[in-house]
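Residue numbering for the sequence shown is 1 to 144, as defined by the UniProt record's numbering. We treat Cβ as the ideally placed atom computed from N, Cα and C, and that holds for glycine. Scroll down for the structure; my scribbles are underneath it.
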Amino acid sequence: MQRSEKITDIIKVLKGGIDFYSDAKDNIDSNDVRTVFQNMIDEKHKAVTDLQPFAIEEQGEIETGSDTLVDVRKTYTKVMSAIKSNEEHTYIKHLEEVEDKVLEEFDDALEESQPPQCAQVLSQLRERMQICHDKMKALQEATS
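In C-alpha cells:
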C-alpha cells in the first residue's frame with residue numbers, strides 16, 4: 001500500500017502560518033486587512049483538516065507541530081515592526097513569503113508519488129493556496 005509523503009511538512013507550515021496570521025491580525029488596525037488575514041487563517045485551517053487523515057497515514061498520528069522557519073519569520077517581523085513605522089506592510093511582506101513557503105511545500109509533496117486520493121486533495125488544496133498567495137501578493141503591492 002502506497003503511503004502519503006511530506007504531508008506533515010505541509011501541515012507544519014500551514015499551522016505556523018495560522019499562528020503568524022493570528023498574531024498579525026491582532027496587531028493591525030485596518031479592518032479590511034484583518035478580514036483578509038482571517039480569510040487566510042480559515043483557508044489554512046480547512047487545509048489542515050483536509051490533510052490530517054493523510055498525516056495519520058504517513059506518521060501514525062495527527063500532526064501538531066509548526067514549521068520553525070515560519071516561527072522565526074514571525075519573531076523577525078515582530079522585531080522589525082517595532083522598528084519600522086509601516087507595521088502593516090511589514091507583516092504583509094513576511095506573510096506573502098509564508099505563502100511562498102506553503103506553495104513550495106505543496107509542490108514538493110506533489111512531486112512525490114502519492115496515493116491517488118492524497119494527490120487529488122493536494123492538487124485541490126494547492127489551487128486554494130495559490131489563490132491565498134495571489135491575494136497576499138496583491139495586498140503587498142497595494143500597501144507598498
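- A residue is called buried once 16 or more other Cβ atoms fall within 10 Å of its Cβ, and His45, having fewer, is exposed.
- For Thr64, no alpha helix (DSSP H) run applies, since DSSP gives it neither H nor E.
- Going by beta carbons, Gln52 and Ile41 fall outside the 7 Å limit.
- In the DSSP annotation of this structure, the continuous segment of the alpha helix (DSSP H) that includes Gln117 starts and ends at Pro116 to Thr143.
- Between the alpha carbons of Val98 and Ala142 lies a distance of about 18 Å.
- Linking Ile11 to Phe37 through their CA atoms gives a straight-line distance of about 18 Å.
- Per the C-alpha coordinates, the member of His133, Lys15, Gln114 and Asn27 positioned closest to Arg3 is Gln114.
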